[in-house]
Amino acid sequence: MIFTIAIDGPAAAGKGTISRRLAERFGFAHLDTGLLYRAVGALELQGQDAVAAANALDPSDLEREDLRTPEVAQAASRVAAIGAVRQALVDFQRDFARREGGAVLDGRDIGTVICPEAEVKLFVTASAEVRAERRFKELSEKGIDTDYPSVLADVAARDRRDTERADAPMRAAEDAVVLDTSEMDIETAVARAEKEVSAALDKR
Ligand code: CDP
Ligand code: CDP
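For any residue, its number in my numbering is found by taking its place in the sequence shown, counting from 1, and adding 66.
Okay, structure coming up:
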């Protein structure tokens, strides 16, 4: 069975958590596409050319320990605005999306550019303040030294860059279901997402 669930939205909206839970529940493979850009960003911070790094990206690059840091997140959003970097990563993501057995991909442009034919599209969002609070809590728990104002500034800067870039800007696909989780706990958000997927699977 070919079945793609596309989950897009801004930083710390809950995309990753929802995607992992859907993948578990429906037995689908999951790809966090943000990791691809984070890996390229991390290599660029080390002095590599971003386009060359994207073209030579290796699965082991996605297992680096430092990919979750705010510095790498900023670098990811900078390299993600380079058209040739995005282009280098398209085939891998499309192949993943249409693999046999079903796939969940989360990112910014899955429902619009990578897989416009996805059977389910969700755009998960929340206010910048709520998202920054969630991300601040997460980073603190991981022992990463930061503060709420810096996290909010990081989230806002990436939102702006991701929305305003010319190539594959972040936006909800016209046929996406928008899930605003500002006042929704994660269990409720997951349940809503599961309902959308179950309905689409039933229609087949
Ligand atoms: O986890 P979080 O939402 O904070 O970030 P991420 O999903 O890991 O993405 C990091 C950065 O990669 C984003 O700010 C985007 O600039 C970029 N990205 C993208 O342009 N397209 C995607 N499909 C996924 C991520
Ligand atoms: O993948 P993305 O950056 O969109 O977000 P995430 O990593 O799934 O979620 C960021 C953090 O917010 C996690 O610790 C989630 O458990 C939390 N979260 C929440 O508390 N309530 C929600 N409705 C969504 C996410």
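Yeah, the Cβ is synthetic: ideal placement off N, Cα and C, and Gly gets one too.
Item: Cβ-heavy atom distance, Lys81 to ligand 2, below 7 Å; Value: yes
Item: Inter-residue spacing [alpha-carbon to alpha-carbon] between Arg87 and Glu230; Value: 30 Å
Item: N- and C-terminal bounds of the alpha helix (DSSP H) containing Ala95; Value: No alpha helix (DSSP H) holds Ala95; the beta strand (DSSP E) holding it covers 95-98.
Item: Within-8 Å CB hit, Ala141 to chain B; Value: The structure shown contains no chain B; it holds only a single protein chain.
Item: Gly75 beta carbon near ligand 2 (any heavy atom closer than 7 Å); Value: yes
Item: Beta-bridge pairing of Phe189 - partner residues as DSSP gives them; Value: Asp74, Val244
Item: Residue range of the unbroken alpha helix (DSSP H) whose run includes Val217; Value: 214-230
Item: Continuous alpha helix (DSSP H) assignments of at least 4 residues falling wholly in the stretch 88-152; Value: 100-111, 116-121, 136-145
Item: Beta strand (DSSP E) segment containing Val170, residue limits; Value: 169-173
Item: DSSP-derived helix/strand/coil call for Lys203; Value: helix
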